[in-house]
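Notes to accompany the following structure.
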Amino acid sequence: MFNNTTRNDWLLLVGFSAVILCLPIILDPIGAAYPALMQKFCIFGIFAIGFNILFGLTGYLSFGHAAFLGAGSYAAVWSFKLFTMNAIPAILMAVFFAALFALAIGYISLRRSGIYFSILTLAFAQMSYNLAYSVLTPLTNGETGLQLSLQDPRIIDGLFFEPAAGLPRVNLFALNISGGGYAGFYLCAVALIACFFISLCIFRSPFGMMLRAIKSNQMRMRYTGFNTRPYLLAAFVISGMYAGLAGGLMAATDPLVGAERMQWTASGEVVLMTILGGVGTLVGPVLGAAVIKYCENIFSSFSASTLHSVFGFLPDVIEAPIVGFLSLFVGDGWNLTLGVVFMLIVIFLPGGIMEGLRRIFALFRRPPNGGVKIPTAQVQPAE
Numbered sequence: 001m002f003n004n005t006t007r008n009d010w011l012l013l014v015g016f017s018a019v020i021l022c023l024p025i026i027l028d029p030i031g032a033a034y035p036a037l038m039q040k041f042c043i044f045g046i047f048a049i050g051f052n053i054l055f056g057l058t059g060y061l062s063f064g065h066a067a068f069l070g071a072g073s074y075a076a077v078w079s080f081k082l083f084t085m086n087a088i089p090a091i092l093m094a095v096f097f098a099a100l101f102a103l104a105i106g107y108i109s110l111r112r113s114g115i116y117f118s119i120l121t122l123a124f125a126q127m128s129y130n131l132a133y134s135v136l137t138p139l140t141n142g143e144t145g146l147q148l149s150l151q152d153p154r155i156i157d158g159l160f161f162e163p164a165a166g167l168p169r170v171n172l173f174a175l176n177i178s179g180g181g182y183a184g185f186y187l188c189a190v191a192l193i194a195c196f197f198i199s200l201c202i203f204r205s206p207f208g209m210m211l212r213a214i215k216s217n218q219m220r221m222r223y224t225g226f227n228t229r230p231y232l233l234a235a236f237v238i239s240g241m242y243a244g245l246a247g248g249l250m251a252a253t254d255p256l257v258g259a260e261r262m263q264w265t266a267s268g269e270v271v272l273m274t275i276l277g278g279v280g281t282l283v284g285p286v287l288g289a290a291v292i293k294y295c296e297n298i299f300s301s302f303s304a305s306t307l308h309s310v311f312g313f314l315p316d317v318i319e320a321p322i323v324g325f326l327s328l329f330v331g332d333g334w335n336l337t338l339g340v341v342f343m344l345i346v347i348f349l350p351g352g353i354m355e356g357l358r359r360i361f362a363l364f365r366r367p368p369n370g371g372v373k374i375p376t377a378q379v380q381p382a383e
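Note that our numbering numbers the sequence shown so that position 185 is 185, with each residue one more than the last.
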C-alpha cells in the first residue's frame, strides 16, 4: 500500500499535518481557535473522510451513516462505565462495534444499488434511532441519554485507583480529554491525521482503483468476471469504522450520548460536508466539515442586537429592513445561511470548494513555454 504513494502524497500529508496541528494559530484571526470548536472540526472531518471513501470512490450514497456514529458513541460510553476512563479502549470498542454494525447493514443494503441502496440505509438509520430512543432504553437510556454515574463499576480502574469523590473524567494516561481542553483537541487532531493518511493510502492503492472502476461502470466489471460486492462491502465497513471512530471521539470529549446522533439529519449533514468540500477528493471533506461547523457555531451565535450594532451607522429607515432581513440568516436561522452557501457552491462550483481552489491556483500557475501554444499533429481517421 505504501509503495503506491508518491513524493507529492508525502508532501500533502506533511502539509495537512502541519495545518491541523497549527489550527489554534491559523483560526485565531477568525475567532474559531477555541478547543471545543476545533475538536468538532477534527471529529466531523474524520466522519466526512470515511463517508467519502464510500461515496467518493464507489458512488454509493448512504443516508445511514449516523447509525454508525451513534453506535460508536454508545460503545465508548459503555467502555467508560464498565471498564476504564482511559480513552484508548473506548475508541477501540467504538470502532469494533461500528464495524460489526456496518457489516450487518452493508451485507443487506448492498444487495441493491442506486436510490434503493440509499433508501435502505436511511431505513436502517431510522430503525436504529427509534430502537435507541425507545426499545433499547436499558442500553441507551432513551431520551435522557447515556451518561456516567457514580455507581458505574469501572472494573479496570477499580483495580489500580481509589474512587474519587465526584465523577471521573476521560483521560489519556493522566491527560484530561473531556472538558473542551487542548488535550482533547490534539487527540482528535492526531486521529484525523492518521485517518487522512489511511484514506490517502486507500485512494492510491489497487483497492481504491477497483472502487473507482466500480463507480465508473460496475456492470462492465461484472461482465469481465469481477465480483464487485466484496469490494463494496469492504468500503462500506471501512467507512462505518471511520464513523465509529468519530463517535468514539465525541464520547471521549463529551461522555454523554443521546439517540439524536442516529437521526437522519446527522446522515444528511455528512453528505453536505462531502459535497460542499468536493466528492472524491482527499482534503475536500475536511474543508466541508470545517465550513459547516464554523457556520453552525459562529452564525448561530449572532442575534438581532449584533446586527444592530453592525449597521447602527445607517439611518433607521434603512437599518430596520436590513437587520430584519439578515436576522433570518443568523441565530436559529443559521441553516438558511448554510443553505445559501451550499446552493451557490453547487451551482457555480459543482466540484465543491476544492474545484474553486484549483481554479484559483490555475490563475497563478504560469503556463509552459511562456503561454505559446505548440501545434500538435492531427490524428487522421483509419482507412
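For every residue, glycine included, the Cβ atom is placed at its ideal position computed from N, Cα and C.
query = If we count Cβ pairs, one from each stretch, closer than 8 Å, do we get three or more for the stretch 342-350 versus the stretch 299-315?
reply = no
Handout entry: Cβ-based burial, Arg394 [other Cβ within 10 Å; buried from 16]
Key = Coverage of the chain is limited to positions 1 through 383, which leaves residue 394 absent and any answer about it impossible.
query: Going straight from the alpha carbon of Leu11 to that of Val317, what length do you get?
result: Taking the sequence shown and counting its residues from 1, one reaches residue 11 at position 11. Taking the sequence shown and counting its residues from 1, one reaches residue 317 at position 317. In a straight line, the C-alpha of Leu11 is about 55 Å away from that of Val317.
* How big is the Cα-Cα spacing for Thr274 and Leu54? -> Translated into positions along the sequence shown, residue 274 becomes position 274. Translated into positions along the sequence shown, residue 54 becomes position 54. Rounded to the nearest angstrom, the two C-alpha atoms are 11 Å apart.
task = Could you tell me if Phe68 is buried or exposed, where buried requires 16 or more neighbouring beta carbons within 10 angstroms of its beta carbon?
result = For this step, residue 68 is matched to residue 68 along the sequence shown. Under this definition Phe68 is a buried residue.
Could you check the C-alpha separation between Gly333 and Pro89 for me, to the nearest Å? Start at 1 with the first residue of the sequence shown, and residue 333 comes out as number 333. Start at 1 with the first residue of the sequence shown, and residue 89 comes out as number 89. Answer to the nearest angstrom: the Cα atoms are 39 Å apart.
Task: Backbone secondary structure at Gln39 - three-state DSSP - done: Position 39 of the sequence shown holds residue 39. In this structure, Gln39 counts as helix in the three-state DSSP scheme.
* Taking only the alpha-carbon atoms, compute the straight-line gap between Ser73 and Gly356 and give it to the nearest angstrom. => The residue you call residue 73 lines up with position 73 of the sequence shown. The residue you call residue 356 lines up with position 356 of the sequence shown. The alpha-carbon atoms of Ser73 and Gly356 are separated by roughly 35 Å.
- Query: Whose CA, out of Arg261, Ala76, Ser199, Phe236, lies closest to the CA of Ser109?
  - Reply: The sequence position of residue 109 within the sequence shown is 109, counting from 1. Here the closest residue by C-alpha is Phe236.
task: With a cut-off of 8 Å on the beta carbons, I'd call Phe83 and Val270 a contact; round off their distance for me.
output: Here residue 83 corresponds to residue number 83 of the sequence shown, with the count starting at 1. Here residue 270 corresponds to residue number 270 of the sequence shown, with the count starting at 1. With a Cβ gap of about 29 Å, Phe83 and Val270 do not count as contacting.
Item checked: Pair within 8 Å by beta-carbon distance, Tyr231 and Leu211 -> Numbered from its first residue, the sequence shown carries residue 231 at position 231. Numbered from its first residue, the sequence shown carries residue 211 at position 211. Their beta carbons are under 8 Å apart, which means Tyr231 touches Leu211 by this criterion.
query: Which residues does DSSP pair with Gln147 in a beta bridge?
result: As a position in the sequence shown, residue 147 is number 147, starting the count at 1. Answer by DSSP bridge pairing, in chain order: Leu256.
Open item on the list: Pop quiz: Phe97 and Ala125 are said to be a contact at Cβ under 8 Å. What is the actual Cβ separation, rounded to whole angstroms?
Closed with: Within the sequence shown, residue 97 is the residue found at index 97, counting from 1. Within the sequence shown, residue 125 is the residue found at index 125, counting from 1. Actually they do not touch by this definition, with Cβ atoms about 16 Å apart.
*Identify the residues that DSSP records as bridge partners of Leu172: which are they?*
By 1-based counting over the sequence shown, the position of residue 172 is 172. Answer is Leu175.
*Exposed unless 16 or more other CB atoms sit within 10 angstroms - verdict on Thr58*: Reading the sequence shown from its first residue, position 58 is the one you call residue 58. Buried, because 16 or more other Cβ atoms sit within 10 Å of the Cβ of Thr58.
Tell me the residue span of the alpha helix (DSSP H) that contains Ile214. Within the sequence shown, residue 214 is the residue found at index 214, counting from 1. From DSSP, the alpha helix (DSSP H) with Ile214 extends over 206-223.
Q.
Using CA atoms only, rank isn't needed, just tell me which of Tyr133, Asp157, Phe173, Phe197 is closest to Gly70.
A. Sequence index remark: in the sequence shown, residue 70 carries index 70 (1-based). Checking every option, the nearest Cα to that of Gly70 belongs to Tyr133.
- Thinking just about the alpha-carbon of each residue, which of Arg7, Phe16, Phe80 is nearest to the one in Arg149? Along the sequence shown, one-based indexing puts residue 149 at 149. Rather than Arg, the amino acid found at residue 149 in this sequence is Ser. Nearest option by C-alpha distance: Phe80.
### Message
Within a Cβ cutoff of 7 Å, which residues of the same chain sit near Ser128, ignoring the five residues on either side of it in sequence?
### Response
Counting from one through the sequence shown, the residue named residue 128 turns up at place 128. Result list for Ser128: Ala67, Gly70, Met262, in chain order.
- Around the Cβ of Ser178, are there at least 16 other Cβ atoms within 10 angstroms (buried) or fewer (exposed)? Walking along the sequence shown from the start, residue 178 turns up at place 178. The residue in question, Ser178, is buried, as its Cβ has 16 or more Cβ neighbours within 10 Å.
Runs of alpha helix (DSSP H) wholly within the stretch 306-361 (minimum 4 residues, chain order):
316-326, 334-348
- Message: So the candidates are Gly50, Asp28, Asp157, Phe63; which of them puts its Cα closest to the Cα of Ala289?
- Response: Taking the sequence shown and counting its residues from 1, one reaches residue 289 at position 289. Comparing Cα-Cα distances from Ala289 to each of Gly50, Asp28, Asp157, Phe63, the minimum goes to Gly50.
*Could you please give the first and the last residue of the uninterrupted alpha helix (DSSP H) stretch that includes Cys295?*
Numbered from 1 along the sequence shown, position 295 holds the residue referred to as residue 295. Counting along the chain, the alpha helix (DSSP H) containing Cys295 begins and ends at 284-299.
### Message
When you compare the stretch 19-27 with the stretch 157-170, are there three or more beta-carbon pairs, one atom per stretch, that lie closer than 8 Å?
### Response
no
Margin query: For a test of the three-state rule: what should DSSP assign to Asn130, helix, strand or coil?
Written below: Counting from 1 along the sequence shown, the entry for residue 130 is found at position 130. Helix at Asn130.
Taking Thr228 as the reference, give the member of Met241, Phe207, Gly247 with the closest Cα.
On the sequence shown, position 228 is the one that residue 228 refers to. The candidate whose alpha carbon is nearest that of Thr228 is Phe207.
Requested in this report: To the nearest angstrom, report how far apart Met85 and Asp28 are at their CA atoms.
Outcome: For the purposes of this step, residue 85 is taken as the residue at position 85 of the sequence shown. For the purposes of this step, residue 28 is taken as the residue at position 28 of the sequence shown. Roughly 31 Å separates the two Cα atoms.
Worksheet item: Ile91: buried (16+ other C-beta within 10 angstroms of its C-beta) or exposed?
Response: Residue numbering aside, residue 91 sits at position 91 when the sequence shown is read from its first letter. Classification for Ile91: buried.
Thinking Gln147 and Leu256 are a contact (beta carbons under 8 Å), I'd like their distance in whole angstroms, please. For the purposes of this step, residue 147 is identified with residue 147 of the sequence shown, where counting begins at 1. For the purposes of this step, residue 256 is identified with residue 256 of the sequence shown, where counting begins at 1. Contact flag correct, Cβ pair sits at about 5 Å.
Discussion item. Less than 8 Å between the beta carbons of Gly277 and Leu287, yes or no?
Written reply: To locate residue 277, count along the sequence shown from 1; it is residue 277. To locate residue 287, count along the sequence shown from 1; it is residue 287. Yes, they are a contact pair.
Margin query: Strictly by DSSP, which residues pair up with Asn4?
Written below: Here the question's residue 4 lines up with position 4 in the sequence shown. DSSP output for Asn4 lists no bridge partner at all.
> Quick one: Cα of Phe16 to Cα of Ile193, how far?
Replying inline: By 1-based counting over the sequence shown, the position of residue 16 is 16. By 1-based counting over the sequence shown, the position of residue 193 is 193. Their backbone Cα atoms lie some 8 Å apart in a straight line.
* Asked: If you follow the alpha helix (DSSP H) that Gly64 is part of, which residue opens it and which one closes it?
  -> The residue you call residue 64 lines up with position 64 of the sequence shown. Note, Gly64: premise wrong, no alpha helix (DSSP H); not H, not E.
Just how far apart, CA to CA, sit Thr144 and Phe348? Here the question's residue 144 lines up with position 144 in the sequence shown. Here the question's residue 348 lines up with position 348 in the sequence shown. Near 43 Å, if we compare the C-alpha coordinates of Phe348 and Thr144.
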